[in-house]
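Below is one structure, written out as structure tokens, with a few remarks after it.
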Amino acid sequence: HLADPLGTLMQLRQVLAPEGVLLVNGAYIHFEHPKHDLEDQNTMDLFGLFCQQLAEHGLQCSVDGGPVQWIATSEDDGEYQGGYDISLRWQGNGESWREVEEAVMKICRFSGKVLDKVW
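Sequential numbering of the sequence shown, starting at 328, is according to the working numbering.
Right, here's the structure in full:
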């Protein structure tokens with residue numbers, strides 16, 4: 328698991344050739360909205376919004392699955408099942424690294440929070 332998946336994604340995008348393609352499977356980036364009026368939006372909704380806003384910069388994402396759920400197999404036992412399967416495709420479209428970085432920084436920033444556990 329990466330401590331800074333967005334930072335890693337951006338560094339990989341930085342070394343992408345102007346017309347190259349970056350493919351990422353199993354990606355997950357946790358998002359929270361800073362405004363209280365959007366508290367009901369979950370991280371996957373915000374992840375989708377992130378992908379939409381960067382689509383003009385060549386980012387495509389595919390999200391399948393659903394939230395991880397605890398499934399009881401007996402009265403005292405169970406297991407986690409489900410989860411999201413996320414794939415990203417970032418096509419270079421001739422933009423400079425700085426143009427892409429500016430676009431990302433307009434829509435999100437690192438909060439400094441560290442998640443306790445990610446499966």
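Virtual Cβ for every residue (Gly too), placed ideally from N, Cα, C.
| Asked | Found |
| --- | --- |
| Endpoints, the alpha helix (DSSP H) within which residue 431 is located | 424 to 434 |
| Coil, strand or helix - residue 347 by DSSP | coil |
| Helix, strand or coil at residue 415 [DSSP, three-state] | strand |
| Nearest-angstrom Cα separation, counted from residue 427 out to residue 341 | 9 Å |
| Cβ-based neighbour list, residue 405, same chain, cut-off 8 Å, excluding 5 preceding and 5 following | 397, 398, 399 |
| Secondary structure of residue 386, DSSP reduced to three states | strand |
| Alpha carbon of residue 434 to alpha carbon of residue 407, nearest angstrom | 33 Å |
| Proximal residues to residue 450 (C-beta, below 7 Å), its chain only, five neighbours per side dropped | The structure shown does not extend to residue 450, since the chain is modelled only from 328 through 446, so no value can be given for it. |
| Residue 336, enclosing alpha helix (DSSP H) - first and last residue | 332 to 341 |
| Residues bridged to residue 352 [DSSP beta-bridge criterion] | 414 |
| Inter-residue Cα distance where the pair is residue 374 and residue 358 | 6 Å |
| Beta-carbon proximity check, residue 417 vs residue 348, cutoff 9 Å | yes |
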